[in-house]
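S.K.: Just so you know, we're using my numbering here: the sequence shown kicks off at 12 and counts up by one.
Can you keep this structure in mind? I'll have questions shortly.
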Amino acid sequence: MDEAKSEKKHNGNNGASPSFSLRDLLGAIFRRKRLILLSFMGVLLGALLAIIILPSTYEAQMKILVEHERVDPVVSPQGNVVESDRYLTPDEVSSEVELFQSRDSLKQVVVDHGLHEIKNPWSLAGIKMRVLGTLGLAPGKDERIFKAVLKLEKDLHVIPLNNSNMIRVTYEARSPQTAEQVLTGLGNLYLAKHAEVHRPGGTTEFFEQQADQYKRELASAESRLIKMSQQTGVVSADFEKQATLQKLSDFDVSLEQTRASIAETKQRIQALQEKEESIPSRITTQVRNADNPELMANLKTTLLNLEIKRTDLLEAYEPGYPLVQEVEKQIAQAVTAIADAKAGAVHEETTDQNPTHEWVSTEMAKAQADLMGLEARSSALSRGLNTLHQKALKLDQQSVVQQDLLRTAKADEDSYLLYHRKREEARIADALDRSKIINVAVAEAAAAPLVPTGLSLTVKLILAIVIAALASLGAGLLQEHLDPSFRTTAEVKEYLDIPLVAAVPRNDHR
């Protein structure tokens with residue numbers, strides 16, 4: 012009966028929704044004031060207890076700068092290693108992020124700062140631990156440490172900042188000192204781990220051992236070189252071999268020139284012998300003719316006068332003219348007389364040694380002497396050439412051995428200098444590590460936060476009041492909605508759809 016009554020009350024006879032005014036709302040609040048007041052006080056008290064019991068959280072922050080300013084020595088046999096690009100890649104920054112929140116570092120911080128221990132025995136965690144201890148279900152130390160590591164990993168936020176080489180690290184804790192100490196401890200562990208993982212341990216000792224080893228090998232190679240020079244008397248086999256080869260080449264050229272000179276001299280001697288046979292040993296040096304000089308002068312004068320006379324006659328007469336012919340006869344007679352006078356003269360000849368024959372004989376003697384000298388020189392050059400050839404072969408063998416020793420000494424020296432330099436670089440890197448001069452730096456150190464995170468106490472109280480008011484008002488309206496009784500004459504008229512004659516109110520609703 013009550014359910015049908017309530018359904019009809021809320022749905023109406025014609026199925027239309029009943030009107031609800033501000034007066035109805037205030038009437039419902041007045042009728043349910045007790046429930047609303049109790050609900051309000053209960054919710055507000057619970058919110059206040061939550062604010063008091065649940066502690067505030069404090070967030071500490073630090074920032075880390077990642078850079079490429081320092082380059083550690085590379086464990087490599089090469090002296091010059093190409094330096095990597097100084098620009099950071101996102102993968103390198105992500106690697107630093109993962110290195111910061113590594114599990115072993117988190118565990119170390121948990122143990123160092125006692126995050127696995129319950130400091131307030133009256134907190135929810137402390138009460139829970141005592142209950143579990145009473146029941147014999149309390150977790151062991153390792154389990155508590157593991158759970159504390161997981162919680163630290165959850166509360167720790169390591170985020171690389173966009174378009175920069177900075178990493179932002181935040182951590183939330185119940186106290187500002189704990190937040191600061193945890194971040195500081197993690198930062199110190201991260202710096203030490205960065206120096207450890209980016210440079211292998213024992214680098215200095217390795218380079219020092221290698222430098223000492225190659226120093227001993229260099230001393231041994233130099234000792235063998237000195238011993239070889241003392242035994243062979245050769246300071247530089249390669250240089251002396253080159254000098255010997257140069258002499259050998261000069262001797263070879265001189266020998267060929269000497270042989271050519273010998274052939275030339277033999278040809279010259281043969282030519283001089285042929286010339287000597289064809290040239291007489293004595294020649295006529297002087298020829299003397301004895302005649303009558305006065306007769307010859309008169310005859311020549313007469314001949315000259317006759318020729319002049321003939322010339323004069325030819326200018327006046329023909330050649331066949333008798334006078335001309337007569338003169339011609341006289342000229343012929345004069346020529347004949349001159350010839351007869353010459354023929355009747357005395358002829359004397361003087362001879363002497365032929366200078367050409369003497370020169371040929373002298374040159375042949377000189378050529379024969381030169382030939383003997385050239386043949387002796389050729390023999391000496393041949394012997395010297397053989398000696399130099401044997402010396403060059405010996406020096407070549409010594410040069411091979413000496414060059415091998417020099418290469419060994421050079422290689423040992425280069426290796427010694429390389430590892431000596433790398434040892435010094437490693438020592439510098441160790442000093443930088445001890446001074447914490449590495450490629451990462453704490454740009455902003457962690458500081459104890461002065462105010463808790465989240466909403467302030469005033470805002471929390473206002474929200475508690477608002478939530479309590481809304482919850483209590485909702486509880487009152489819900490009870491009003493679920494109550495099937497009639498509260499006003501209007502509800503009776505609306506439900507029965509007939510005029511109401513009289514209404515007698517209940518005493519408890521006055």
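Glycine is no exception: its CB is placed at the ideal position from the N, C-alpha and C atoms.
#1: Assuming contact is defined by CB atoms lying nearer than 8 Å, are residue 269 and residue 392 in contact in what I supplied?
#2: For residue 187, which option in 258, 458 and 474 has the closest C-alpha, if you only look at C-alpha atoms?
#3: Rounding to the nearest angstrom, what Cα-Cα distance links residue 280 and residue 252 in this structure?
#4: Report the partner residues of residue 452 according to the DSSP bridge assignment.
#5: Which one or two residues does DSSP pair with residue 363 in a beta bridge?
#6: With distances taken between CB atoms, is the gap from residue 608 to residue 382 smaller than 8 Å?
#7: With DSSP as the reference, label residue 245 as helix, strand or coil.
#8: Excluding the 5 residues preceding and the 5 following residue 384 in the sequence, name in chain order all residues of the same chain whose CB lies nearer than 6 Å to its CB.
#9: Where does residue 128 sit, in a helix, a strand or coil, going by DSSP?
#10: Measuring CB atoms only, is the stretch 41-58 touching the stretch 480-490, in the sense that at least three cross pairs come out at less than 8 Å?
#11: Thinking C-beta only, is residue 409 closer than 8 Å to residue 254?
#12: Just curious, the alpha helix (DSSP H) that residue 179 is in, first and last residue?
#13: Just to confirm before moving on: does the CB-CB distance between residue 319 and residue 367 stay below 8 Å?
#14: Suppose the cutoff is 8 Å on Cβ atoms and the five residues either side in sequence are ignored; what does the same chain contact list for residue 403 look like?
#15: Between the C-alpha atoms of residue 474 and residue 47, what's the straight-line distance to the nearest angstrom?
#16: Classify residue 464 as buried or exposed, calling it buried when 16 or more other Cβ atoms lie within 10 Å of its own Cβ.
#17: Rank 324, 102 and 220 by C-alpha distance to the C-alpha of residue 434 and give the top, closest one.
#18: Take the Cβ of residue 420 as the centre, count every other Cβ of all protein chains shown within 10 Å, and call the residue buried at 16 or more, exposed below.
#19: Quick one: what's residue 171 bridged to in DSSP?
#20: On the DSSP bridge list, what partners appear for residue 435?
#21: Less than 8 Å between the C-beta atoms of residue 426 and residue 225, yes or no?
#22: Since residue 229 and residue 424 should fall inside the 8 Å C-beta cutoff, what is the C-beta to C-beta distance between them, to a whole number of angstroms?
#23: How long is the line joining the alpha carbons of residue 170 and residue 162, rounded to whole angstroms?
#24: How is the alpha helix (DSSP H) around residue 155 delimited, first residue to last?
#25: Does the beta carbon of residue 403 fall short of 7 Å from some heavy atom of the ligand FMN?
#26: For residue 69, which residues does DSSP report across the bridge?
#27: Taking residue 41 as the reference, give the member of 180, 487 and 125 with the closest Cα.
#28: Is DSSP giving residue 331 helix, strand or coil here?
#29: Between residue 196 and residue 123, is the Cβ-Cβ spacing less than 8 Å?
#30: Secondary structure at residue 113, three-state DSSP: helix, strand or coil?
#31: Please return the same chain residues whose Cβ sits closer than 8 Å to the Cβ of residue 39, not counting the five positions on each side in sequence.
#32: Please classify residue 116 as buried or exposed, where buried requires at least 16 neighbouring CB atoms within 10 angstroms.
#33: Report, in whole angstroms, the separation of the C-beta atoms of residue 310 and residue 343, which I expect to be a contact under 8 Å.
#34: Less than 8 Å between the beta carbons of residue 181 and residue 112, yes or no?
#35: Quick check on residue 178: buried or exposed, where buried means 16 or more other Cβ atoms within 10 Å of its Cβ?
M.R.: Let's see:
#1: yes
#2: 458
#3: 41 Å
#4: 76
#5: 294
#6: Nothing about residue 608 can be read from this structure; the chain reaches only from 12 to 521.
#7: coil
#8: none
#9: coil
#10: yes
#11: no
#12: It is not in any alpha helix (DSSP H) - residue 179 instead sits in the beta strand (DSSP E) that spans 177-184.
#13: no
#14: 252, 255, 256 and 259
#15: 18 Å
#16: exposed
#17: 220
#18: buried
#19: 178
#20: The partner list for residue 435 (beta bridge, DSSP) is empty, contrary to what the question assumes.
#21: yes
#22: 5 Å
#23: 18 Å
#24: 152-166
#25: You won't find the ligand FMN in this model; it holds no ligand whatsoever.
#26: 184
#27: 487
#28: coil
#29: yes
#30: coil
#31: 487, 488 and 491
#32: buried
#33: Contact flag wrong, Cβ pair sits at about 13 Å.
#34: no
#35: buried
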